[in-house]
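J.:
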Amino acid sequence: MQHEIEVAGIEDPYRNAQEKGWKIVNASMLDDDLVLEADVVVVGTGSGGGTAAEVLSEAGLRVVMLEEGMLKSSDRFNMAEGEAITDLYRDAGLQSTKGEGIYVFQGQNVGGGTTINWCASFRTPTQTLRHWEQNFGLKGCGEDDLAPCFEIAEKQLNIMKWPAPPNKNNEILKRGAEKLGFSWGVIPRNVDGCWDLGYCGQGCPVDAKKSMLVTTIPSALQQGAKLVYRVAVNALLREGDRVTGVEGFAYSQDDRQRTGKKVTVSAKHVVLAAGAIHTPGILLRSDAPDPYKRIGKRTFLHPVINSYAQFKEQIDPYYGAPQSIYSDHFTWPEDDETQIGYKLEVLPLLPGTYATLQGGHGAVLHESMTKLPNTHVLMALMRDGFHEGSPGGSVELSENGRAVLDYPLTSYLTDGMKHAFETMTEIQFAAGAVATRIGHRDSAWHNSLSEAKEAIGRLPIELGKASISSAHVMGGCAMGEDETQCVTDSEGRFRHLENLSIFDGSLFPTSLGANPQLSIFGVSRKFATKLAETL
Amino acid sequence: MISNELPNGTTEQDRLSRRDFLGTVGKTSVLATATLYSASSLAVLTSTRSGWAAEPQFLILRDADIKLFGALLPAVVQQANPKVDSQKFLQSLDSILAHADAETAQLIQQLVDLVTGALTRGAMTGSLFWDWPDFDVQTVNSILESWRESYFELPKTVYAVVTRLTATAWYMVPENQQITGYKGPPKKIVD
Ligand SMILES: Cc1cc2nc3c(=O)[nH]c(=O)nc-3n(C[C@H](O)[C@H](O)[C@H](O)COP(=O)(O)OP(=O)(O)OC[C@H]3O[C@@H](n4cnc5c(N)ncnc54)[C@H](O)[C@@H]3O)c2cc1C
Ligand code: SF4
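Protein chains in written order, with the working numbering: chain A, 1 to 535; chain B, 536 to 726.
1) Could you tell me if the beta carbon of residue 118 (chain A) falls within a distance shorter than 7 angstroms of some heavy atom in ligand 1?
2) Do residue 249 (chain A) and ligand 1 come close, with the Cβ less than 7 angstroms from some heavy atom?
3) Look at the alpha carbon of residue 458 (chain A) and the alpha carbon of residue 340 (chain A), and state the distance between them as a whole number of angstroms.
4) Confirm, please, whether the CB-CB distance from residue 426 (chain A) to residue 449 (chain A) is below 8 angstroms.
5) How long is the line joining the alpha carbons of residue 499 (chain A) and residue 287 (chain A), rounded to whole angstroms?
6) Using a Cβ-Cβ cut-off of less than 8 angstroms, list which residues of the region 416-449 of chain A approach chain B; keep chain order.
7) Using only alpha-carbon positions, find the residue among A:508, A:326, A:456 and A:250 that is nearest to residue 170 (chain A).
8) Check each residue of the region 194-223 of chain A: if its Cβ is closer than 7 angstroms to any Cβ of chain B, include it; give the result in chain order.
9) Kindly say whether residue 28 (chain A), judged by its beta-carbon, lies nearer than 8 angstroms to any beta-carbon of chain B.
10) Verify whether the separation of the beta carbon atoms of residue 488 (chain A) and residue 128 (chain A) is less than 8 angstroms.
11) For residue 611 (chain B), decide whether its Cβ has a neighbour in chain A, counting only Cβ atoms nearer than 8 angstroms.
12) Thinking C-alpha only, which one of A:361, A:148, A:263 and A:471 is nearest residue 348 (chain A)?
13) Is any heavy atom in ligand 1 found nearer than 7 angstroms to the beta carbon of residue 504 (chain A)?
14) Give me the residue from B:660, B:666, B:674 and B:626 with the minimum Cα distance to residue 599 (chain B).
15) Listing by chain order, which chain B residues have their CB less than 7 angstroms from the CB of residue 318 (chain A)?
16) Between the region 660-680 of chain B and chain A, which residues of the former have a C-beta closer than 8 angstroms to a C-beta of the latter?
17) Does at least one heavy atom of ligand 2 sit under 7 angstroms from the Cβ of residue 198 (chain A)?
18) Measure the CB-CB distance between residue 233 (chain A) and residue 250 (chain A) and report whether it falls below 8 angstroms.
19) DSSP three-state label for residue 218 (chain A), please.
20) DSSP puts residue 306 (chain A) in a beta bridge; with which residues?
21) Can you tell me whether DSSP reads residue 87 (chain A) as helix, strand or coil?
22) With hydrogens ignored, establish whether the beta-carbon of residue 471 (chain A) is closer than 7 angstroms to any heavy atom of ligand 2.
23) Would you please state the rounded distance, in angstroms, between the beta carbons of residue 407 (chain A) and residue 385 (chain A)? I believe it to be under 8 angstroms.
24) Classify residue 425 (chain A) as helix, strand or coil using the three-state DSSP reduction.
25) For residue 219 (chain A), which residues in the same chain have their Cβ closer than 7 angstroms to its Cβ, ignoring the five residues on either side in sequence?
26) Establish whether the CB of residue 645 (chain B) and some CB of chain A are separated by less than 8 angstroms.
27) Hey, could you find the ends of the alpha helix (DSSP H) residue 366 (chain A) is sitting in?
28) Alpha carbon to alpha carbon, what distance is there between residue 108 (chain A) and residue 586 (chain B)?
29) Classify residue 335 (chain A) as buried or exposed, calling it buried when 16 or more other Cβ atoms lie within 10 Å of its own Cβ.
30) Would you call the CB atoms of residue 675 (chain B) and residue 607 (chain B) closer than 8 angstroms?
31) Please report the distance separating the alpha-carbon of residue 76 (chain A) from that of residue 214 (chain A).
32) With 8 angstroms as the threshold, decide whether the Cβ of residue 398 (chain A) is near any Cβ in chain B.
33) Taking 8 angstroms as the threshold (beta carbon to beta carbon), is residue 706 (chain B) in contact with chain A?
34) Are the C-beta atoms of residue 361 (chain A) and some chain B residue less than 8 angstroms apart?
35) Is residue 597 (chain B) close to chain A, meaning its C-beta is less than 8 angstroms from at least one C-beta of that chain?
36) What does the alpha-carbon distance come out to for the pair residue 536 (chain A) and residue 230 (chain A)?
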């Protein structure tokens, strides 16, 4: 059992950063404002920013990386769930869409989402690329165009199908799918020397996960790039139509207070990679020209709903590689008109996560929590954005200038969610569950499929009642040639200002129908390589 | 107020009458909360801002937060004796709010002010005279249920926010995680 394992002998790459000559500044410690100059300033160090920083430094450009979150690495990854949520997640895990709606999880640390994600690494589905080409005029991003970039990422990050047996949580998805004749597959993961512990979401304690934190960012630092963390970029600096740099505020180390110090970087080119919601936020705060009012519109979430099941066998849904089996049986239904597609996966269920996702209080919560070791959890990720019935959400600024997402539910989505609740429940009973409960405030535990289905039919799917979450935020700065819909061109260059590119998940014109990181590594590498040639 | 002696000195009779009270005032509370249902009135209610911690060991938590979440804890997590660990729970809550976006923390504290403040507490809890530390678990439970089933958005939002936050902060504490049967992570040794 994992709790009996001792993790030791790991060499944190950041341990001897100074001797290696890496230039790293903790903005929370600044005594004065910081003013820097660079060829390119990269805002955000997640999938998109981490990749871009490496490519641009390799090309010999002077790069500055700015990151809002903390720098924490394997020496300090102790697998405690509470510490991870406060130190590595945006808004300490409390970010939600407007009005206590959908819980939206994003990484906020050096490495962004890649430090805390669950390692699933899929190429962009062909159907999705085709849809973008046909509906958004995206050019040069076909399957063959992106393949070389995916290959580089797959090699560098050691992406391959998980070779070991799945943990129980994943095995049950496979078992149930097989029983019902649903297709399933093994998830490719970006790991090397994985100990099969299960703490990918808390920061991999053994550096087996090939996140940006331990791959592209060290490589950029090795090539002379500078990293400034604990600084949140507020806005772009501009001279007319030209972007000349960025300006941000330093934050204290242990809480969300501004220290009063400013960081200013002037640069020949600015790359925004603050992730969906927050890259559009920077553009909105900067009053960037937006003739068709597209910034922040069509932001997608792969909205996630869950179904829980109790088994006689011990599952320990928190131990072992978190995601190794998926099912695409329902991802691409023949007719999008009547049915939204959804992908099926499982998630690592630690106690805090379980409590957060369930909500509610009292007896039901308590009963569920105390059966955790025998609990299985499935999730359905709704493939939003491909049909007019799921137009996504829009990013707005609060009075204080904070980017928040408004994401209303539509009947197209909620109908699909009902379908997915039924499917998940069927899979769990087929795999031998003794009881199931959907992630809905008013759901009880049910001992039979018919009872459970009856309840699913009855329970209204509304924000605040159904527990809906997201760990995949995409869109809001669509790429493509149709300028009425897309704020960047087909290479991530912002249309209405010079010297500005966007290289992160906000580029996607719809959601993906697959976990996003490899898609982002791919486009960021492709666009950054192209950008480096022009600078 | 006699309140400090409660809930230990409370008789079943008191409980029942308070619950009745909650039932009748429940109707007025709906009206009262309807008038409160706007961001600007929320802003007016905020007497203190986040970051003004009550106790030196807390970064964010104020007296009102401690009072409310301390009272909610037993009703939300149903532990036999949650008082034992309430300090760790409050520290966990404090840490979450301190690391959250300042605006998130402020919005949450505005909701806390709404249900603990002298002007609005009566409407939100159905009790004009008693305060959170006086309520027994059953009363807190009834209040939570009345919020949950309310026709209005605001009480429902309060319900969703405070229960989730309470459960999350509690179950993020390593000692409390063991209640679920989770045996904890591997041991990490940094050499
Ligand atoms: C718990 C979890 C599990 C996941 N599991 C998987 C998985 O298994 N497979 C997969 O493919 N995807 C997974 N994802 C999603 C994936 O990690 C993200 O989609 C991806 O990392 C997004 O990349 P990005 O570059 O767009 O943004 P991010 O990786 O989110 O990086 C953006 C960075 O910018 C920083 N930032 C934001 N605003 C500012 C600012 N104003 N100034 C400075 N810095 C700023 C943020 O702090 C952050 O570090 C998961 C996500 C989560 C949260
Ligand atoms: S499962 Fe593997 S990659 Fe994930 S935290 Fe454990 S060792 Fe690291």
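The C-beta atom is built at its ideal place from N, Cα and C for all residues, glycine as well.
T.: Considering the structure as presented:
1) yes
2) no
3) 20 angstroms
4) yes
5) 16 angstroms
6) 441
7) A:326
8) 197, 199 and 205
9) no
10) no
11) yes
12) A:471
13) yes
14) B:666
15) 717
16) 676 and 679
17) yes
18) no
19) helix
20) A:379
21) helix
22) no
23) About 12 angstroms; that fails the 8 angstroms criterion.
24) helix
25) 54
26) no
27) 363-370
28) Only weak support exists for where residue 586 (chain B) lies, its pLDDT of 46 falling under 50; the value from the coordinates is given anyway. Distance between the alpha carbons of residue 586 (chain B) and residue 108 (chain A): 21 angstroms.
29) exposed
30) yes
31) 14 angstroms
32) yes
33) yes
34) yes
35) no
36) Lying before the first or after the last residue shown, residue 536 (chain A) is absent from chain A, which here runs from 1 to 535.
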